[in-house]
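Novice:
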Amino acid sequence: MKDEKSLFINIVALLILSFMAFYIYKVSIDTGSGIKITDSITPKMRVADKYLNKNVLNENSTYKFSQTAEDTSANIVTSVVVDYRLFDTTLEVIVLFVTILGFGFVIPKDKRRVKMPSVILYRWAPILMILMLMIGGYMFINGHLSPGGGFPAGAIISTAVLIGVLAGRKTVNHKTLKVVEAVAGISIFAIGIASFFIKGVFFQNFITGDRIGDLFSGGLIPVFYGLIAFKVAAELSNIYFEFYEEC
Amino acid sequence: MNSIVFLVVIPLIAAFLSLFLEKLNKLAMYIVTLFNLIFSITVLMSGNIPFNVAIGGWRAPFGINFVVTDITIYFLLLVNIAALISITVVNNIKEYQFYSFYFVLLAATNGMVLTGDMFNFYLFTELSTFAIAGLVAYKRDRLSTGAALKFLILSSTASLFSLASIGLIYKTLGTLNFADIALKLSKLNQASYNLILILFLSSMLVELKIFPFNLWVVKSYEGSITSVNMFTHGMLGTAGIYGAIRILLIVFPNMYSTNISKVLIILSVFTVLIGEVGALKEKNLVKILAFSSMAQMGVFMFGIALGSFESIKGALYIVVSNYLAKLVMFLVTKQYSNAVESKNYIDMKGLGRKYPILAISFTIAALSLMGMPFFAGFWGKFSIVVSALALGKLSTIGIAILLIASVVEGVYYLRISHTFFAEKDVNSVNISRVYSLIPFVLAAIILAIGIYPNFIEQILWNVIDEIKNAPDKYINIILSLK
Amino acid sequence: MTKVFILSSLSLVFVGLYGVLTRKNIVKILIALNIIETGINMLLVAFGYIEGGLTPILQSDLSIANLDKMVDPVPQALVLTSIVIGLGTTAFALALAMRYKNTHNSISIRATDEEGVNV
Amino acid sequence: MIELLLVPLITTLVLAFFIRYKRITWTLFLAANGFVLYKLYSIYGIWNLSYKVDTAYKILGAELTLGVSNNPIGWYFAFFSALITLLISLFSIGFNKNSRSNVSVIWMLIIFSNLGIFFAQDWVTFFMMWELMGWTSFFAITNGKDKALDGAKYYLALSLFGAALMLIAISVLAQYTGTFQIFASAYGLLQIINSSTKLGIGILLLFLTTFLIKSAIFPFYMWPQKVYSEGPEDYITFMSSVMIKYGIYPMAIFIVPVVGSADLPMILNTGNVLQYTIGYLGAISAILGTILAIFQTDMKKLFAYSSVANMGYILLGFSSMTIVGFEGSLFHVVNHMILKAAIFLTLAAVVFRTGESEMHKLGGLVYRMPLTFMTFLLGIIAAAGIPPLNGFGSKWMIIQALMSKRMVVFAIAMIFASTGAFMYLFRALASIFLGQLPDRYKDVKEVPPTMAIPMFIMMVIMLLTGVVPGVVMKPLTSALKAVGYNVEVASWTTLEGSLKNSVIDLKIVFYMFVAGVIISALMYFFGNKSEKVPQNDNYTAGEYPEEWGVDADRFNYSYAFYQPFKEMFEPLLESVSIDGFFASIGRNFEFLSSTIQGLFKRGEGAVLLFSIGVLLLILGGLII
Amino acid sequence: MINLAIFIAVVMFLGAIWTVLTEDVFKAIVIFGIVSLMSSVMFLLMQAPDVAITEAAIGSGITTALFIFTYKKMEERKDER
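Note that the protein sequences, when read in sequence, are chains Y, F, W, A and H.
Residue numbers for the first sequence follow UniProt numbering, so the first one is 1 and each next one is one higher.
Residue numbers for the second sequence follow UniProt numbering, so the first one is 1 and each next one is one higher.
Residue numbers for the third sequence follow UniProt numbering, so the first one is 1 and each next one is one higher.
Residue numbers for the fourth sequence follow UniProt numbering, so the first one is 1 and each next one is one higher.
Residue numbers for the fifth sequence follow UniProt numbering, so the first one is 1 and each next one is one higher.
#1: Is the beta carbon of leucine 327 of chain F sitting closer than 8 Å to the one on isoleucine 85 of chain F?
#2: For lysine 24 of chain W, collect the residues of the same chain with a Cβ closer than 8 Å to its Cβ; drop the 5 residues on either side in sequence, then sort them by chain order.
#3: List the residues of chain F whose Cβ lies closer than 8 Å to the Cβ of phenylalanine 92 of chain W, in chain order.
#4: With distances taken Cα to Cα, identify the nearest neighbour of leucine 33 of chain W among F:Ile198, F:Ile399, F:Ile312, F:Lys150.
#5: If you draw a straight line from the alpha carbon of phenylalanine 178 of chain F to that of glycine 116 of chain F, how long is it in whole angstroms?
#6: What number of angstroms, rounded off, separates the C-alpha of isoleucine 267 of chain A from the C-alpha of serine 329 of chain A?
#7: Could you say which of A:Leu86, A:Ser101, A:Leu132 lies nearest to isoleucine 451 of chain F if we only look at CA atoms?
#8: In terms of DSSP beta bridges, what is residue 643 of chain A paired with?
#9: Pick out the complete alpha helix (DSSP H) segments inside the region 92 to 146 of chain Y, 4 residues or longer, and give them in chain order.
#10: Unbroken alpha helix (DSSP H) runs of length 4 or more, entirely within the region 19 to 70 of chain W: which are they?
#11: Determine, using beta-carbon pairs with one atom in the region 68 to 76 of chain H and one in the region 41 to 54 of chain H, whether at least three such pairs fall under 8 Å.
#12: My output table needs one value for valine 308 of chain A: the three-state DSSP class, helix, strand or coil.
#13: Output yes if chain Y places a C-beta closer than 8 Å to the C-beta of leucine 622 of chain A; else output no.
#14: Pull up the distance between the alpha-carbon of valine 82 of chain W and that of glycine 380 of chain F, whole angstroms please.
#15: Between the C-alpha atoms of leucine 362 of chain A and threonine 419 of chain A, what's the straight-line distance to the nearest angstrom?
#16: Just mark leucine 302 of chain A as buried or exposed, buried being the case when its beta carbon has 16 or more other beta carbons within 10 Å.
#17: With 8 Å set as the bound, which would you pick, yes or no: does the beta-carbon of threonine 89 of chain W sit closer than that to a beta-carbon of chain A?
#18: Can you round the beta-carbon distance between glutamate 222 of chain F and alanine 147 of chain F to whole angstroms, since I take them to be within the 8 Å contact cut?
#19: Reducing DSSP to helix, strand and coil, say where phenylalanine 433 of chain A ends up.
#20: Taking only the alpha-carbon atoms, compute the straight-line gap between arginine 81 of chain H and lysine 101 of chain W and give it to the nearest angstrom.
#21: What does the alpha-carbon distance come out to for the pair alanine 606 of chain A and alanine 279 of chain F?
#22: Leaving out five residues before and five after residue 500 of chain F in sequence, what residues of the same chain have Cβ atoms less than 7 Å from its Cβ?
#23: Please say whether valine 256 of chain A and serine 285 of chain A have beta carbons closer to each other than 8 Å?
#24: Taking lysine 73 of chain H as the query, report the chain Y residues whose CB atoms sit under 8 Å from its CB, ordered along the chain.
#25: Out of A:Ile2, A:Thr197, A:Asn310, point me to the one whose CA is closest to glutamine 121 of chain A's CA.
#26: Mind checking whether isoleucine 318 of chain F and phenylalanine 300 of chain F have CB atoms under 8 Å apart?
#27: With a CB to CB cut of under 6 Å and the five nearest residues on each side skipped, what residues in its chain are close to methionine 118 of chain F?
#28: Do the CB positions of lysine 283 of chain F and aspartate 113 of chain W come within less than 8 Å of each other?
#29: For phenylalanine 426 of chain A, which three-state DSSP category applies?
#30: If you draw a straight line from the C-alpha of phenylalanine 213 of chain F to the C-alpha of arginine 85 of chain Y, how long is it?
#31: Is the Cβ of phenylalanine 32 of chain H closer than 8 Å to any Cβ of chain W?
#32: Going by alpha carbons, who is nearest to phenylalanine 216 of chain Y out of Y:Thr72, Y:Ile29, Y:Gly34?
#33: With distance defined between alpha-carbon atoms, name the residue in A:Gly393, A:Ile453, A:Ile461, A:Val408 nearest to isoleucine 504 of chain A.
#34: For valine 56 of chain Y, which residues in chain F fall below 8 Å Cβ to Cβ?
#35: Can you find a CB in chain B that lies within less than 8 Å of the CB of phenylalanine 5 of chain W?
#36: Counting only beta-carbon atoms, is glutamate 310 of chain F nearer than 8 Å to chain A?
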């Protein structure tokens, strides 16, 4: 790739970048009136304040640990992701769905040589897989209490599938993955629609009354996270299948 | 009207189901599209407009909300009608992925129009980008692969810019809701405002096909099949226009006090010039349409960037005219290019004599795009010209260049029409007369608007009224709901 | 601290942008895109950071008393989303790149898309 | 009023349905034209007729109203156009019997726009009709033939360009005067000129350019020869006689009153700057048209340039800004309509029978097509401005007006052009109809009656207007009076000049001419008869030029008819190469087009251009 | 703490530059993986453990794996020719 060393393009790029940097610098030192991008603004002045205080619906409500509140997830990031802004998260799942679909669609399907896996990997694979599944399961079940959640959980579960594929063990096949993917995806929306028929509002968390910090709290949050985890796992596993499975 | 969310949810569920439906996919496509169309018509007829839907029951600035106002509902109709018309040319497609992409695109474009939240809008945009990239790559040959890849790289760069801008908005204003942003935006420092606007605008302009953000356009159009072209034009394009109107005019109305609107004027003039001149020597009909759609977007953007209400009305006329005309043109192109198995318009010589309705529809569409009187495009051109001449030197020069560019457009379009009507024997070609129906109806609408603009004028003034009272009215609709 | 975070993320963004602008190898362009994305994600989270802030997770009544000191959870939620989108983009683009390699017989973005012409 | 416009429109739709049945379409076409003529006849004198359409379309803060109204000058143009159109459409029935394509639908649409232009009450209606006429004539000219495409494209580009300029002019004018009404805005424009001369003249020049383009005046004189040589002959007849006057009509109702009464710097105390500009443009077109016409070998191109020259005369008449000059110009409009229609009908007849339009390949057709010859003869006599026929009176009036205003240069130009006209007209006559008949045209017959009748009527009309100019002058002067000009209604046979004692009675002129004809006829019959030899022997001297690889026709006497003159004017013509200028614009656009396509063909710079775009936006944001 | 942050920031910056400038695609991928992992540490420092875990699993882990798979596949094709 000789073109990469083209001096002209490099100079142009550096000029553009330095100009942009200069502009950002200029904006950041701007002394005009009004809110500036360099001002330090605490969550108190943002919508996040309501999320932290869990008083979106009722402005004066306060809460204590191990008691009920409007959103009973202890991990506030989770409560934003899977409750306050749940719709974004479902769309994000769709984004992953679309891109992986596109991935499977455009990837060239030519014959691949299948290498024999090493014996060690073949023997140890089940143990590793179970370990991965356990970690993943823990993550999405505890998503509302501790860091983690559905996405990394899905990624870790998919790693289990990857190990299986690498070890040459038959775990799941394409068809199953497709079914898991679709069922998980549809379930997310089915719950949303169910809440429409129960509460009259889409994607409302209709299981309330839990206590913050309990394992079974947060209403639908663990359910959603579980579905998301399986969906992500199924989709990511699809990628490995595309690379390493014979078609 | 909480059920408005069905417009997004049903297509998404269909997208999952399409993995298994196999041959029923086509039927599902019609059912879902018709559902969306009928649902949006019902909403229009219900008389509840404007209303605001808080998803998940979280009130407006805290949760995600869907807003339905006059602008929304009309663009919703445009998107769904375009979808219905576009899928009539889908045939012989077996890959379930195509249908999935379509459903996702339908949901995403509907969502882009409906949403009232910045980040949600970003997500819908991404979704539509991926769906379009997948659809463009449908043929999976050299041309479409290159086009899809380059489109993907460009649009993901752009989306990162808009993500940065969303971050900045959240940092400074502490909110992601359109209405809330509009309410607080006046408190923002001018320089910071500019930075945010530039970052967001530059990603917006990619979708609006404004030069120099539009290098993907011609390739994508050339590399994809006709129905995908119609999706890109009718659904993604229309939703993008809606985004421009919503975000530039209602969320960022202060734009007109900065020089950025002047830069936009210059850029849109360049876009028009490049679009028209680029098409002049082209022989591939699809590429000509791509260049022309670029140019029309330039005219639209010019009208928006001028910022007076009359020019915005003109821009909306241009939108309507371009929307209808391009649909007609793509339909005609599809039939003719199928018949002669070539996209070169010279090979289509003489087809207009055998199938006059298609060729006449094409001509009407072309004349409307040229801004000829008695066709819908004229009213737009007229409004824009009149208001541009009142707004100072820059816009005067701009409109002069625009008009000269429209001369070039006239030359290449009428040359194509002439080729259709040229004398040549075409006996081996066979096109079913059924396919003439939709182009004919659309062309008749173009003509009707051109001759009698009253009914569309009424609608457009409703829209303009909404823009005029923005953002106060818009904010009231959304934030009053506790 | 905030300054360090912001500067480091901005530097990533600029380096990535430089890569996207100057590289011709599609895989490297995609890597550069990912670098930008990482940078932007860090930027967003840094926007929500406050000096000496706490993790926004409720562990006991003590953390509820210190809600003011917690960092902003919303940018973190946004970034969670954007990371997944980044993965999607990369996967799709890489698949396209593989096909690109097959059809164009090259991995340079300069390869022409016209049929039958080899670089 | 509205039925005048509705009937052509409805006829268009009906024609479109029956497009495959030639007989029906052309008969319907004739009937519709007959109706239009009748209707126009019936509304003469009722000047308060009008029809308005209120739209909800808001522009400049008010709702737009479109309207047509009967106005005297418009009626004058429309009536005579309709008369000529009727005759041409009669001719078309026979002419189109064997043609493959059918131009009648588009033609009817043009007639609709034609009437719309002449009766438009406001600029928007006028503009709409004007644009309609522009693109419809493109399709009428090409008419499905690829070889006509280049000329038609040229015409279309010019026409769209002109329309764009007019749109700008209308918008600016409306901005300052607040009205779209044509007559009201004329007064408004006068006030603009008084308060801010530059702006006013700018608007005026924009309008003027549009009209000049449509009437093929000097900088834009190239399109007639490109278009006329390729289009369908019957439609070209219409175009050269009627359509080319579209530019004259708005000049008469808008430009002339404004320029005449504007308070602008004067030159030599005879006229103001704009007056001289118009005059010079007219003079240049008259001279250039004449010179170029002299050197054409294609008869249609020859008469195309002749049209340019005639448009020049009309402009010269306008430039005098006297009432006689004005009358003369408007009179010449009709005269030119009639005589050009007559000439082009004969050319169409020749092409119909021989399929040839190169003059040096024709010859001697007088023996085979005597009626056509007679029409042509009268036509060129009229075009040359020889007294008993109709071209004389108007030219005489224009020259009178110019002399009375002491615009000597223009008068000289006019006389030069008239003299030159003899040269090219005689050339056409000699090459097409006189000389010897080539062997290949031995079997040529006279045209069928449907085509002969209109030609005969044309002859009668030419003679009539020549001898009794009152048939045109009476409606003209009453129309002018109705508009408010200080004129007296003309008498039947006399014409009034503007110099002292300059009234002529055309009756007397006619008697003198008849006497002359009788004498020359006697001389012909009693003189020596000529001897006949095979035609080629005349100019190949018994040799066979084909053996040298040269086309024998090139040695025909009419191939390089005016070689000495051509050599004389060659340097001048080379320096005045407007065509080259326009062609270079086209080439540059195409070059630019290839460049842009190259840019879009490669997608590699997309992100780079994207960042440059961001940079531009930043620059815009920084420079506050 | 701040020293750690500065150290990681510098390392990330240098790593990113190396990634962009290096000729070897495989090296670039690996170093990108490291940069990505570093960023997850940064997220931890920013009190965003959720993001850190996700970045480590998805941004650093799976994305890098994807790149490597792709790279290998492209190399394989090169071998076949």
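Idealized CB from N, CA, C, for every residue including glycine.
Specialist: With the structure as the only source:
#1: Taking the second sequence and counting its residues from 1, one reaches residue 327 of chain F at position 327. Taking the second sequence and counting its residues from 1, one reaches residue 85 of chain F at position 85. Against a cut-off of 8 Å, the Cβ pair of isoleucine 85 of chain F and leucine 327 of chain F comes out as a contact.
#2: Here residue 24 of chain W corresponds to residue number 24 of the third sequence, with the count starting at 1. Excluding positions up to five away in sequence, the list reads Ser108, Ile109, Arg110.
#3: Against the third sequence, residue 92 of chain W aligns to sequence position 92. In chain order: Phe130, Ala133, Gly134, Leu152.
#4: Counting from 1 along the third sequence, the entry for residue 33 of chain W is found at position 33. Of the candidates F:Ile198, F:Ile399, F:Ile312, F:Lys150, the residue whose Cα lies closest to the Cα of leucine 33 of chain W is F:Lys150.
#5: By 1-based counting over the second sequence, the position of residue 178 of chain F is 178. By 1-based counting over the second sequence, the position of residue 116 of chain F is 116. If I take the Cα positions, the gap works out to 6 Å.
#6: Start at 1 with the first residue of the fourth sequence, and residue 267 of chain A comes out as number 267. Start at 1 with the first residue of the fourth sequence, and residue 329 of chain A comes out as number 329. Distance between the alpha carbons of isoleucine 267 of chain A and serine 329 of chain A: 22 Å.
#7: Numbered from its first residue, the second sequence carries residue 451 of chain F at position 451. Check the Cα spacing between isoleucine 451 of chain F and each of A:Leu86, A:Ser101, A:Leu132: the tightest is with A:Leu132.
#8: Lying before the first or after the last residue shown, residue 643 of chain A is absent from chain A, which here runs from 1 to 624.
#9: Counting only unbroken stretches of 4 or more residues, the alpha helix (DSSP H) elements lying wholly within the region 92 to 146 of chain Y are 119 to 141, in sequence order.
#10: Scanning the region 19 to 70 of chain W from its first residue to its last, the whole alpha helix (DSSP H) runs of 4-plus residues come out as 26 to 48, 61 to 65.
#11: They do not touch, by the three-pair rule.
#12: Stepping through the fourth sequence from its first residue, residue 308 of chain A is reached at position 308. Of the three classes helix, strand and coil, the one that applies to valine 308 of chain A here is helix, per DSSP.
#13: The sequence position of residue 622 of chain A within the fourth sequence is 622, counting from 1. Yes - at least one Cβ of chain Y is within 8 Å of the one on leucine 622 of chain A.
#14: For the purposes of this step, residue 82 of chain W is taken as the residue at position 82 of the third sequence. For the purposes of this step, residue 380 of chain F is taken as the residue at position 380 of the second sequence. The sequence given here places serine at residue 82 of chain W; valine does not occur at that position. The alpha-carbon of serine 82 of chain W is positioned some 39 Å away from that of glycine 380 of chain F.
#15: Walking along the fourth sequence from the start, residue 362 of chain A turns up at place 362. Walking along the fourth sequence from the start, residue 419 of chain A turns up at place 419. The alpha-carbon separation between leucine 362 of chain A and threonine 419 of chain A amounts to approximately 25 Å.
#16: Translated into positions along the fourth sequence, residue 302 of chain A becomes position 302. Label assigned to leucine 302 of chain A: buried.
#17: Within the third sequence, residue 89 of chain W is the residue found at index 89, counting from 1. Chain A, which has no Cβ nearer than 8 Å to the Cβ of threonine 89 of chain W, makes this no.
#18: In the second sequence, the residue the question calls residue 222 of chain F occupies position 222. In the second sequence, the residue the question calls residue 147 of chain F occupies position 147. With a Cβ gap of about 7 Å, glutamate 222 of chain F and alanine 147 of chain F count as contacting.
#19: Along the fourth sequence, read from residue 1 onward, the residue named residue 433 of chain A stands at position 433. It is helical.
#20: To locate residue 81 of chain H, count along the fifth sequence from 1; it is residue 81. To locate residue 101 of chain W, count along the third sequence from 1; it is residue 101. With a pLDDT of 48 at arginine 81 of chain H, under the threshold of 50, the modelled position of this residue cannot be trusted, and the question is left open.
#21: What you label residue 606 of chain A is simply residue 606 of the fourth sequence in a count that begins at 1. What you label residue 279 of chain F is simply residue 279 of the second sequence in a count that begins at 1. If I take the Cα positions, the gap works out to 19 Å.
#22: An answer regarding residue 500 of chain F cannot be provided, because it is not within the stretch 1 to 482 covered by chain F.
#23: The residue given as residue 285 of chain A occupies position 285 in the fourth sequence. The residue given as residue 256 of chain A occupies position 256 in the fourth sequence. In this structure, valine 256 of chain A does not lie closer than 8 Å to serine 285 of chain A by Cβ.
#24: In the fifth sequence, counting from the first residue as 1, residue 73 of chain H sits at position 73. Within chain Y, the C-beta atoms nearer than 8 Å to that of lysine 73 of chain H come from Phe243, in chain order.
#25: Against the fourth sequence, residue 121 of chain A aligns to sequence position 121. Minimum Cα distance to glutamine 121 of chain A is reached at A:Ile2.
#26: Here residue 318 of chain F is taken as the residue at index 318 of the second sequence, counted from 1. Here residue 300 of chain F is taken as the residue at index 300 of the second sequence, counted from 1. Yes, Cβ-Cβ distance for isoleucine 318 of chain F and phenylalanine 300 of chain F is below 8 Å.
#27: For the purposes of this step, residue 118 of chain F is identified with residue 118 of the second sequence, where counting begins at 1. Excluding sequence neighbours, methionine 118 of chain F sits near Ile166, Leu176.
#28: Sequence index remark: in the second sequence, residue 283 of chain F carries index 283 (1-based). Sequence index remark: in the third sequence, residue 113 of chain W carries index 113 (1-based). No.
#29: In the fourth sequence, residue 426 of chain A corresponds to position 426, counting from 1. In this structure, phenylalanine 426 of chain A counts as helix in the three-state DSSP scheme.
#30: For this step, residue 213 of chain F is matched to residue 213 along the second sequence. For this step, residue 85 of chain Y is matched to residue 85 along the first sequence. Cα to Cα, phenylalanine 213 of chain F sits roughly 31 Å from arginine 85 of chain Y.
#31: Position 32 of the fifth sequence, counting from 1, holds the residue named residue 32 of chain H. So, interface residue.
#32: Taking the first residue of the first sequence as position 1, residue 216 of chain Y is located at position 216. Measuring from the Cα of phenylalanine 216 of chain Y, the nearest candidate turns out to be Y:Thr72.
#33: Counting from 1 along the fourth sequence, the entry for residue 504 of chain A is found at position 504. Nearest neighbour of isoleucine 504 of chain A by Cα position, chosen from A:Gly393, A:Ile453, A:Ile461, A:Val408, turns out to be A:Gly393.
#34: By 1-based counting over the first sequence, the position of residue 56 of chain Y is 56. Residues of chain F passing the Cβ test: Trp58, Arg59, Phe62, Gly63.
#35: No chain B is part of this structure, whose protein chains are labelled Y, F, W, A and H.
#36: Residue numbering aside, residue 310 of chain F sits at position 310 when the second sequence is read from its first letter. Output row for glutamate 310 of chain F: interface = yes.
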